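In my numbering, the protein residues as written are 178 to 415.
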Ligand code: NDP
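See the structure below:
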């Protein structure tokens with residue numbers, strides 16, 4: 178349960194982040210769902226906030242705004258992410274840089290302003306979002322794989338750094354496989370069928386199935402879990 182917790186979700190307006198917002202609200206959290214484009218929510222206690230994770234000052238403003246109101250942030254889900262796929266031979270620098278700037282630096286930008294605050298306030302839970310691609314690679318996704326592998330390294334560093342003074346700030350990575358969201362709409366149908374066939378469960382995942390795991394990691398039920406990568410991929414790689 179997340180009763181009374183203040184949660185910030187980057188990328189909270191779509192796909193996995195949106196499912197997290199609804200799930201955390203159901204569990205009693207007050208949720209800030211953040212992204213560049215506004216979205217309405219059908220329930221109370223979820224507020225949209227503008228955020229561009231590539232802009233550190235945008236992250237700083239968001240955090241200040243929430244702290245002015247509540248004085249603390251208990252949960253951060255650093256979910257905002259994009260793809261710009263292409264074979265390396267054809268991938269221009271812009272496609273590489275944009276994905277790194279959003280997924281990797283964007284995660285850094287928001288954690289930089291919330292992790293230290295969690296230390297000051299006496300605890301908190303950060304969940305970053307990796308990918309099966311960050312662990313095992315994928316054709317046409319060198320930029321994305323690099324960003325997601327980097328997120329694992331940063332998150333393990335933060336699990337050590339933010340808890341170094343004995344304050345229980347936990348940092349974990351949720352690493353999804355192929356989940357049916359807008360992001361995978363660009364993937365050709367036959368490839369999605371192949372990916373589904375590679376899982377033990379013979380299907381792709383739903384955003385709610387990732388949101389449930391993230392909500393668990395955010396909760397006090399996960400109080401002894403930190404520095405881990407939890408795979409949510411239907412047994413895609415065993
Ligand atoms: P969606 O495309 O559905 O959602 C992405 C979200 O990120 C949107 O809310 C988008 O809103 C937001 N976002 C993108 N760029 C920025 C930015 N610069 N600043 C703030 N918000 C931004 O994707 P998914 O739900 O599928 O993906 C969510 C996360 O899960 C990503 O990190 C993705 O890499 C990861 N993932 C997804 C998998 C999948 O199969 N779907 C598999 C493995 C990992 P807006 O554009 O309005 O800013």
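Glycine included, each C-beta is placed from N, C-alpha and C at the ideal position. As the structure is a prediction and not an experimental result, all values here were calculated from the model.
In terms of residues, what are the limits of the beta strand (DSSP E) holding residue i?
i, result
"residue 301", "301 to 306"
"residue 347", "346 to 353"
"residue 407", "406 to 409"
"residue 401", "Unbroken run through residue 401: none, as it is neither H nor E."
"residue 253", "252 to 255"
Between the beta-carbon of residue i and the beta-carbon of residue j, is there less than 8 Å?
i, j, result
"residue 194", "residue 254", "yes"
"residue 256", "residue 306", "yes"
"residue 243", "residue 250", "yes"
"residue 412", "residue 378", "yes"
"residue 391", "residue 348", "no"
"residue 192", "residue 397", "no"
"residue 387", "residue 206", "no"
Pull up the CB-CB distance for residue i and residue j, whole angstroms please, since I reckon it's below 8 Å.
i, j, result
"residue 310", "residue 332", "Contact flag wrong, Cβ pair sits at about 16 Å."
"residue 382", "residue 345", "That pair is no contact at about 30 Å."
"residue 280", "residue 223", "Not quite, the Cβ-Cβ distance comes to about 24 Å (not below 8 Å), so this is no contact."
Tell me the residue span of the alpha helix (DSSP H) that contains residue i.
i, result
"residue 369", "366 to 375"
"residue 283", "283 to 298"
Checking the sheet assignment: what are the DSSP bridge partners for residue i?
i, result
"residue 225", "210"
"residue 185", "209 and 253"
"residue 356", "382"
Could you say if the stretch 401 to 413 and the stretch 324 to 344 meet the contact criterion of at least three C-beta pairs nearer than 8 Å?
A contact exists between the stretch 401 to 413 and the stretch 324 to 344.
Taking contact to mean at least 3 C-beta pairs separated by less than 8 Å, is the stretch 210 to 223 in contact with the stretch 181 to 197?
yes
Please confirm if the stretch 271 to 280 is in contact with the stretch 314 to 325, defined as three or more CB-CB distances below 8 Å between the two stretches.
With a cut-off of 8 Å, the stretch 314 to 325 and the stretch 271 to 280 count as touching, because enough Cβ pairs lie within range.
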